[in-house]
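Residues in the sequence shown are numbered from -18 upward in steps of one, following the numbering used here.
Ideal placement from N, C-alpha and C gives every residue a C-beta, glycine not left out.
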Amino acid sequence: MNTKKTMSIMVFGLMMLSVIPFAIAQEIEIDQATQAEIRSMTSSHGAEVRLLQLEISLTKNILKGEAVIEYLNDLGEDTDSLQEVLDKIIALREEVQNADSEAEDAVEQFVAFKQEAKDLIIEFREARTDIHEILTEEQLAELRQIFNGINQESNNELKQIREKIMTGARMHNAARFRKVPGVLGGNQEQVLNQLENGDMNLSQVRTQMRLQIQNMSDEEKEGAFVRAREENTKRNVFAINAEKRAREFYRNRMGNYTNGMNNYYGGNGPNGSNAK
């Protein structure tokens, strides 16, 4: 592979690292997917998109949880334990909705919220592990059909969140391209305005960038590569520092939650030593 082609591929690859495609425990788990999400939160638009994606995931699970509880209630089954967990998920979603994507601790909040969401969804599933025993295959199939309806694009509640995600993703991606001037040619700002407005999609912008890079001189490619590499380094440093802060934020959050529960059950709560 010749040097020019190699440089073109490297510039393109670096630029694609943090665009956003349109498509809970005492110690937090930060997997590769979460690390990638953190790297895309260097802008307020990126943070907004991640929070909205978490909101839509929580909303889906809330709708499914409500469907399960309603179904079991109709059968005369006890749903108190399920409702208790569902109330926690609803409260968490409210926190996510109220989170400020421009706040300094937006990343820490997102990572903590995401971990809590995982934990609560597991807790909900474990609250009634006998569902497959008390429901017939026909009833389970009926529930799955209800779940499929929740996932459809026609669900208005989910549709509204998806539209916000698409808008935020376009704004974030445009901001990313602006970090490397000239990578889309002389009409870069016009192209990015079209991306923000939805008149161009990310695939079209990528194609234009690829063609522009191929037509650059070696000096221009080198300059674009250096700028893209610098931005990538900044994102990696940001992600490393944010991950450390997120772990500390989560430990403090869980510590406060545990202390609150201990005070409730050990002090003035209904089962506490100070209860009357």
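Residue i - DSSP class collapsed to helix/strand/coil
i	result
V161	coil
S24	coil
Q133	coil
G149	helix
D55	helix
D100	helix
T214	helix
L116	coil
N79	helix
M181	coil
E89	helix
I221	helix
A84	coil
D61	helix
G236	helix
Sequence-distant residues of the same chain with beta carbon closer than 6 Å to residue i, five excluded per side
i	result
N196	none
F219	T23
A155	L173, L176, E177
A87	A28
A80	L32, Q90
Same chain only: Cβ atoms within 7 Å of residue i, ignoring 5 sequence neighbours per side
i	result
L39	I70, L73, R74, V77, A98
Q34	I146
Q171	none
H301	In this structure the chain extends from -18 to 257, so residue 301 is not present and cannot be described.
E58	I115
Beta-carbon contacts of residue i that lie in its chain and below 8 Å, excluding the five residues immediately before and after
i	result
E47	L67
R31	E18, S21, M22, F91
F128	K45, A48
A84	Q90
E138	T40, L44
S82	S25, H26, A28, E29, L32
R64	For clarity, residue 64 is Gln in the given sequence; the question names Arg instead. Cβ within range, chain order: I50.
A108	S62, L63, E65, V66
L101	I5, V66, K69, I70, L73
A205	V(-8), V161, G163, V164, I194, M197
Is there contact between the stretch 197 to 206 and the stretch 129 to 149, where contact requires at least three CB pairs shorter than 8 Å?
-> At 8 Å Cβ cutoff, the stretches do not touch.
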